[in-house]
Structures are given as structure tokens and as C-alpha cells.
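*Asks:* So that we are looking at the same thing, I have put the structure below in C-alpha cells.
Residue numbers (this note's numbering), protein chains in the order written: chain A, 19 to 785; chain B, 134 to 232.
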């Protein structure tokens, strides 16, 4: 087994107050909606009331004639997009689809699809103008469910789309030539799954369904855009990646990236949903047309209906095991609804589905299917909560059939360093079994449930995490503080984690580092604040800039002490002479001598890290089910997660607890309700039921720290994995409580009651 | 020589093999030699126009993701995978060519 160097940190692992805390709690933090420009107009979007319709005609003349209206646009005002592949975070689009998603061209493919936009002197005029735009639709039958969309006679969203067999999202693959809503299909195969099932003594096969859920961030999408007379475009918005959005805007608008500058404002949540562009493009075109800056902000209904939720899915999962509890084979068929355009997270879901376990024979068939719903987007470990819900339900049922404790069964089959995943890659050092063992050691695991209709469920999960490029710069200030410039929007406390790694490197307190997030012209390239990558990748850059700065300061100390730089060393925040022990200067003292020894010091680095280090997690939950109403009360929840090295334990615990809370919502309550015409009928937080603090118990987060050997501070991503296990854990707890296996999410009260009635009917019939 | 794991949808291109052994000192060379031995891989893995591994593909060498690095060194006994670039919020758009 690989060993990891133990390090004694001074700053890392402590819990300082976050640098942006005062602004956030006093309401002084500047979010996109707080930013204003002189002469600013308000933009609004006209959205399709139909889930599937040809756009026959759009007449904007009456809207244009309304006093106070400064510009009106439709899809015709956007450049003709190339049919070209482009990554958009963990889900994907090609440029043509991306352009068509931000503004429909010839077809409206989901209710809420943008068909026109207006810029006016204020919101009210803009809304009045929308009502004056005449759109003639030829309404077409919608198809809303993936399995239905796969049928040969299903209405086609994209009549020219043919199914491709592919290993990757954008490879040319093998085109079947079949016109279909199935945009792509792929498979993962390891070993011989038929042989694996032959060797099994017990086999469980189940079908599962999950519904669409939204990330549920509080701040709606917003953007303020100014298209200048020199054709430079400035954007102030809320996103998970300014450089990513700059690229997407450049693709759609056919504009050089060097002429687009994006300044990140504070962001009120994203969870993957603020990776794509939506308002930025129409706001830019409206600004160009009006000659004025244009601000746009979505309503909550627009957020639900016009942005990217997580895919719904239909899945088959089959697993087999020997009598002594060894899993011999796993099979899955995954149908993911991509929404109106191809590019669901089905590939990620497939990769993560069985990865927690060491299984020699695996076969997964995965289908990416378009339906008349919004284009899906990333949501925290995209694709994997759905697939692990299916896998963990079946794993639990296998354990039950074999009479083995579900946690022991998982430990027995857990993937360890050197085992191969379904895609053949060997696991690096990671803390999978450590999480399971940590849970086993808890009082929670050993406790009694304490009443009837109560059950305990466990589930495990995997997420691969990501690297992505990063750029940072530091400036040494004369008072011994350090200014840290970076380019990653701070969603989950990355300012403080980056500041702490900087402070650790210089041997100074975290409070002496001043982090700031720069615009795309003021810092080198940065990847998305996504993939649980921000602290990891910036940590690599920080290690480099800090070393560069320390080396420069060593040279300055050598100049002061009239010695060779090789005689000067640096440790624990002190520069010292290796030859004369009385010669030493603290970092702060040395910072005060920079001007007299050669001038200021600042350093910068850009990196493309590798070795992100995977995340594993196992959760345990106790529930009580009311058999009369089907209501599930979550009584106790413990989550153990391999977090690498917890830079700021409070924020790591927050990520674990936040993901678990979102997973509980996904498992028990949250779903898009559609009527038969494809209209979402619960597009507000009153009707889209997310858990509140009253619905949740304290969530105990156990931080298992298995340092990532490929990172200078041992970091591995911590933000996403925590949403993977809750769905399966809740399903297993409900089964343990009342004996029904819930095969559809959410496990809402009415479904549980029906399942109990069905069970009672079956037992009466059998009796 | 490097051991290349063949993605299962394309194992028919390699006669059904799960792995093949291919010479090459960089990902580019390994991919070229893979294609020479088993035609069809180059166009599936490499975007010739942009001279890069295709968007949506990530190369993994000895279990470590090296992203889109077509020019990444490959050692004599390295294990090379071409995987979907599906990590968490995570693949990058920086290969689309507009600068």
C-alpha cells in the first residue's frame, strides 16, 4: 500500500473566520443584482408556453413600438452557430445546441425555452413589451420520459438526429443512421458478466426511476452586459466559471475571447447549475442593439423552467453474489433524459455506479436520450446519485438475502488500492474502506433504533473529482501580509481555504492573507468552480507561487546578510542563516525590507494539476415511517467521507452536511411535476419541496483523512461526493423500517403508502 | 511498450481485445501507433483540426488523469486509458480553438 507523508501543519486544519464573512453577514457583499451601470436597461425573456412546437412566425413590431423599449431580439439576431463540439463542464453541448438553447431558432423544445428578448427602460415596460410579441406556434406532441422517447414512433425533437455508439461524448463514434431521440449510447465492460452471474448463488435484479430535480440555489441567474462601441464586451454575473463562460459566449457570438471580459460577482449557490450560459448571450445582443448596458435576472419560475436541472432516469440494475458474500457480477442499463439537447451525465453515472466495489465482471449500457424538458446540467456529482441509488439498493437486497450485515457486506466487497474500476483504471490510494470502518466504529452503528417502524440504512458512493487548470498570483506587502489574486468564484469557502494554504506556505496567520477573485483580464486561466476542484487545483498553484516568492526573499536575506543564497533557508515563517544561527528574520520582518533590498516581490503561476484523487463516502441514516401517511422522519444521520486533508474542517463538514441535506431532499421530496402537455406545475419553492432545517436532524460528519499523495497539501475534492450515498441510504432505511423496496424517487408519502397497500394486498392474496 | 486499455465500445476495432501493447514515447505517438495497428482510433480520439485529444476524452496514465495532454510523455511500462472526461463539474472548454 502506498504511504503518505505525515505533515504537521500550523494553519491547515484550523478554523479561522472566512475572509468574506463580514460582508456576507452584514449584507454588504456585492451580488450580480447589486451591480449597476449608468444608463442600464432591464432585459426580459419571452419563453415558450409549449413543450414542443415549431415556431412559425414571430412579430416583434408592436413591442418595438412601445415607448421605453430599446431593443427586441429573437434567434435570428444570433450568429448562425457552427455544428461544433464543446465541453460545458460535466455535461455538454455542441455550439449549435448551445446557441439554440439560449434562444430558440426554429423550434421550441421545452416549456420555458427562450424565443425572444426585450430591453427596456425598466422591468415593467419590458414585461409589457413581452406581452406584445406575437408568436405563432405549430404545437407538436411532446415526449417527456426517456423510455417513451426511445420508441420508434416517438415524436422526434431533432428530426435529423441519428443514434451514435460512442465511447466519449464527442467522438464521431459509429453512426447507426437510425433517426431517433437516442443521441448516444455507450457501454463499459470489464471481465465476463455472463460468467460472473453463472458463479453467483444469489442474484437480484430491479428497475428504478428517478425524477428531475433542481440544484435549488437561492440566487437566480443574473447578468449585466455592456457591448462597447469598440466591440469589447463586459459582463458582470453570477457563474461557476468566468473563463468557461467567456469561452461559451465567444462560441455563440463568434466573438474573440480577448474581447470579452467577465467580472465575477458573489454567487448565491450553483451546485453545477451555474456552469452554462443563459442570460449572458441575449443581454449582450440586446446591449449591442440598444447601445446601452442591459441587466437581466430570472424569476424563480424561469430558474426552474429555463435552466438545467439534473436528469431523470430509468435504470435496470442486476447484481449477483456468492453465498459467502462476494459480489461476482454487476449489470446495468441506464437511460438518462438529457433534456432538449444531447449531453446528460449518463457517462459519469455509469463510471461511478459500481466503483465503490471490487467487481471483476461488470457491464453497463448507457443511453443519452433527448426529451421535451430543459437541457439538463450538472448537479453535484452529476449522474452518480441516480446510479448509486440503484446500485446501493440492490447491494442492500443482496446482503439481506445472504443474511449479512449491510455494512459488513460492503466492507467485504469494497474496492481497495490497486483494484480495477469498470473502465479498467486501477484505484489509487483512497479511503473507501476507511469510511466504512469509521461508520462501523460509531455509537450510531451500535445504537438501538428505539421503536417500531424504524429502520437503518447504509449506502456508499464514489466520485472521481477533477483537476482543471488554475492561475494564482501573490504580492508580498510591506506589513508582512500577502495579497492573493485568484480567479475561481467562491461558492463554498474557497477564499479561506486558498488563503490558509498560502498562509501555511509563508508561515503566517490565515488572517494575514488577503484573497481576491479577479476578472478574466486580470488573472491567468482558471477552470470552473466545479468538479470539487477549486481548492485542489489552486493549492497546486499556491505551492508554486509561494516557493517562487520564498526563493526571491531568501535571495534578499542573503543580500542583507552578505552571504550566498544557498546559506539562507526558510522554515516555519522564519528566514535564517544556516551558517550563523543569530541571523534570522521573520517573514513579516523580511517583507518590510524588500524595498531596500531590490524592490517589491510578486509571483504568479499557472498550473494544470493531475492526480485529483477520488472521493469515497459511506452514510448511515435512521428513519421512522408513519405507515398511515407514508411520511418519513429522518431521525439520525452520520456521514463518513474521505476528505484527503481537511484544509478548513468547518467548511469541509459543511460540504458533507450540505450534500447530505440535498440528497435527503432528492430522496424524499423533490421532483419536477409535469402535466401531460409538458408543463411544470410546481415551479416555485412553495410547491417544489426542498427540505428545511425542520425536516433534518443534525448530520454528523466524520472526516476521514487519507491524504492525496499527488497534492502538495494532500487535498482531494470534498464538495460533491456527499450527495451520492443519501438516496440509497434512505431507500434502504425505509425498506428496513416497513419492508417495502422503493424503486422510484422521490420516495414521497403517497408512494410509500401505495407500496404498503400493495404489499398488504400481496400478502392477503398469498394468504 | 505501453499497455493501452481499449474502451469497450471500440474493442471490435482491436479484435475484441481489452488491452493492447503499443510503442510510443508520448500520448500522440501511442495513439498513432494504436491507430496504425487497429485503424479507427485516431479519428475517434484526436481532433486533428485543433491538434488535441478530443473534447470529452481524458487520458489516464497509470491511474493519473493527464487531461487532454496529447504530448504527455508515456513511459516504457505505462498503462494508458482513454476515458470519458466526465469528472464533476469538470471537463474544460479550453480546447475549442477560439483565442
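Think of the CB as a built atom: it goes at the ideal place given N, C-alpha and C, for glycine as much as any other residue.
Does DSSP classify residue 690(A) as helix, strand or coil?
*Replies:* coil
*Asks:* Comparing C-alpha positions only, which one of 415(A), 369(A) and 364(A) sits nearest to residue 394(A)?
*Replies:* Per the C-alpha coordinates, the member of 415(A), 369(A) and 364(A) positioned closest to residue 394(A) is 364(A).
*Asks:* Are there three or more Cβ pairs, one per stretch, closer than 8 Å when the segment 618-625 of chain A is compared with the segment 485-502 of chain A?
*Replies:* Touching, per the Cβ criterion.
*Asks:* Here's the rule: buried if 16 or more other CB atoms are within 10 angstroms of the residue's CB, otherwise exposed. What is residue 687(A)?
*Replies:* buried
*Asks:* Along chain B, which residues have their Cβ under 7 Å away from the Cβ of residue 373(A)?
*Replies:* Ordered by position in chain B, no residue passes the 7 Å Cβ test against residue 373(A), which lies about 12 Å from the chain.
*Asks:* Would you mind telling me which residues of chain A sit closer than 8 Å to residue 214(B), beta carbon to beta carbon, in chain order?
*Replies:* Those are 441, 442 and 443, listed as they occur along chain A.
*Asks:* Rounded to whole angstroms, what is the Cα-Cα separation between residue 31(A) and residue 664(A)?
*Replies:* 6 Å
*Asks:* Measure from the C-beta of residue 728(A) to each C-beta in chain B and report whether the shortest distance is under 8 Å.
*Replies:* yes
*Asks:* In chain B, what lies closer than 8 Å to residue 241(A) by C-beta?
*Replies:* Residues of chain B passing the Cβ test: none, with the nearest at roughly 18 Å.
*Asks:* Is the number of C-beta pairs between the segment 82-97 of chain A and the segment 319-333 of chain A that are closer than 8 Å three or more?
*Replies:* Here the segment 82-97 of chain A makes no contact with the segment 319-333 of chain A; the two share fewer than three CB pairs at distances below 8 Å.
*Asks:* Starting from the beta carbon of residue 628(A), find every residue of chain B whose beta carbon is closer than 8 Å, and list them in chain order.
*Replies:* Within 8 Å Cβ-Cβ: 197, 198, 199 and 200.
*Asks:* In or out: residue 800(A) buried (at least 16 other Cβ within 10 Å) or exposed?
*Replies:* Residue 800(A) lies beyond the residue range present for chain A, which begins at 19 and ends at 785; the question has no answer from this structure.
*Asks:* Does residue 10(A) pass the burial test, meaning 16 or more other C-beta atoms within 10 Å, or should it be called exposed?
*Replies:* Residue coverage of chain A in this structure runs from 19 to 785, which leaves residue 10(A) outside it and unanswerable.
*Asks:* Indicate whether residue 279(A) and residue 258(A) have their beta-carbon atoms separated by less than 8 Å.
*Replies:* no
*Asks:* Residue 637(A) by DSSP, collapsed to three states: which one?
*Replies:* strand
*Asks:* Checking the sheet assignment: what are the DSSP bridge partners for residue 60(A)?
*Replies:* 138(A) and 313(A)
*Asks:* Short of 7 Å in beta carbon distance, which residues of its chain neighbour residue 575(A), apart from the five on each side in sequence? Order them along the chain.
*Replies:* 586, 593, 603 and 608
*Asks:* How big is the Cα-Cα spacing for residue 37(A) and residue 315(A)?
*Replies:* 27 Å
*Asks:* Helix, strand or coil: how does DSSP classify residue 123(B) here?
*Replies:* This structure gives no information on residue 123(B), because the portion of chain B shown stretches from 134 to 232.
*Asks:* Is the segment 237-248 of chain A touching the segment 399-416 of chain A, taking contact as three or more C-beta pairs under 8 Å?
*Replies:* Touching, no, given that fewer than three Cβ pairs across the two stretches are closer than 8 Å.
*Asks:* Do the segment 168-181 of chain A and the segment 333-346 of chain A touch if we need at least three Cβ pairs shorter than 8 Å?
*Replies:* In this structure the segment 168-181 of chain A does not lie against the segment 333-346 of chain A, because fewer than three pairs of beta carbons, one per stretch, are closer than 8 Å.
*Asks:* Just to confirm my understanding: we take residue 513(A), look at its own chain, exclude 5 residues before and 5 after, and list those with CB closer than 7 Å. What are they?
*Replies:* 36, 37, 38 and 533
*Asks:* Would you identify the three-state DSSP class for residue 47(A), choosing helix, strand or coil?
*Replies:* It is coil, neither helix nor strand.
*Asks:* Report the option in 179(B), 193(B) and 205(B) whose CA atom is closest to the CA atom of residue 445(A).
*Replies:* 193(B)
*Asks:* Under 8 Å Cβ-Cβ, which residues of chain B neighbour residue 446(A)?
*Replies:* 196 and 197
*Asks:* Measuring only the C-alpha atoms, how far is residue 174(A) from residue 133(A)?
*Replies:* 20 Å
*Asks:* Report all residues from its chain with a CB closer than 6 Å to the CB of residue 796(A); omit the five preceding and five following residues, and keep chain order.
*Replies:* This structure cannot settle anything about residue 796(A), because the visible part of chain A is limited to 19 through 785.
*Asks:* Between the Cα of residue 180(B) and the Cα atoms of 171(B), 190(B) and 172(B), which residue gives the shortest distance?
*Replies:* 190(B)
*Asks:* Which residues share a DSSP beta bridge with residue 281(A)?
*Replies:* 254(A)
*Asks:* Taking the alpha-carbon positions, what's the residue 95(A) to residue 677(A) distance?
*Replies:* 40 Å
*Asks:* Cα separation between residue 674(A) and residue 287(A)?
*Replies:* 15 Å
*Asks:* Going straight from the alpha carbon of residue 636(A) to that of residue 475(A), what length do you get?
*Replies:* 11 Å
*Asks:* Short of 6 Å in beta carbon distance, which residues of its chain neighbour residue 487(A), apart from the five on each side in sequence? Order them along the chain.
*Replies:* 543, 545 and 626
*Asks:* Between residue 175(B) and chain A, is any beta-carbon pair separated by less than 8 Å?
*Replies:* no
*Asks:* If I follow the unbroken alpha helix (DSSP H) through residue 164(A), where does it start and stop?
*Replies:* 164-167
*Asks:* If you count every other CB in all the chains shown that lies within 10 Å of the CB of residue 519(A), and 16 or more means buried, which is it?
*Replies:* buried
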